[in-house]
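> In my numbering, the protein residues as written are 22 to 141.
The beta-carbon is built from N, C-alpha and C at its ideal position, and this holds for glycine as well.
#1: Taking contact to mean 3 or more Cβ pairs, one atom from each stretch, closer than 8 angstroms, check whether the stretch 47-56 and the stretch 81-100 are in contact.
#2: What number of angstroms, rounded off, separates the C-alpha of residue 69 from the C-alpha of residue 99?
#3: Compute the Euclidean distance between the alpha carbons of residue 95 and residue 47, then round it to the nearest angstrom.
#4: For the alpha helix (DSSP H) containing residue 92, name the first residue and the last one.
#5: Going along the chain, which residues of its own chain have a beta-carbon closer than 8 angstroms to the beta-carbon of residue 33, five neighbours each way excluded?
#6: Per DSSP, residue 82 is paired with what?
#7: Hey, out of 115, 122, 64, whose CA is closest to residue 40's CA?
#8: Rounded C-beta distance between residue 108 and residue 73? I'm assuming under 8 angstroms.
#9: Please state the DSSP three-state secondary structure of residue 48.
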């Protein structure tokens, strides 16, 4: 079994309930194709670098998966025809870091903003 990091970008105008449905749909696809979902991270609504299908923002969902090529091919086959998705990306990795959440809001962000206000 190999390790993969898989990110999908959903349209900015879908509702939170539709976003949960998209997330659960792909979780089921992973698990039904001999994959093991190790971690799911919802990164939220973020700006895109350029317009994609007339969207300036996208909802990012990141999956950390243990599986095989069949799992990934089935996942990507379903994502190609999904109208709610803008983009997807799969990367094969040697090890998966389950501890670090790179887009998590922390109290350090608030501290940094307070320091910048004081300096201005």
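In brief:
#1: yes
#2: Locating residue 69 in the chain shown gives position 48, counting from the first residue. Locating residue 99 in the chain shown gives position 78, counting from the first residue. Distance between the alpha carbons of residue 69 and residue 99: 23 angstroms.
#3: Stepping through the chain shown from its first residue, residue 95 is reached at position 74. Stepping through the chain shown from its first residue, residue 47 is reached at position 26. Computed Cα separation, rounded: 10 angstroms.
#4: In the chain shown, residue 92 corresponds to position 71, counting from 1. Taken as a continuous stretch (DSSP letters only), the alpha helix (DSSP H) holding residue 92 covers 90-101.
#5: Translated into positions along the chain shown, residue 33 becomes position 12. Cβ neighbours of residue 33 beyond the five flanking positions: 66, 76, 77, 78, 79, 80.
#6: Residue numbering aside, residue 82 sits at position 61 when the chain shown is read from its first letter. Its beta-bridge partners are 29, 63.
#7: Locating residue 40 in the chain shown gives position 19, counting from the first residue. Considering only alpha carbons, the answer is 64.
#8: By one-based count along the chain shown, residue 108 stands at place 87. By one-based count along the chain shown, residue 73 stands at place 52. With 8 angstroms as the limit, residue 108 and residue 73 qualify as a contact, their Cβ atoms being about 6 angstroms apart.
#9: On the chain shown, position 27 is the one that residue 48 refers to. Of the three classes helix, strand and coil, the one that applies to residue 48 here is helix, per DSSP.
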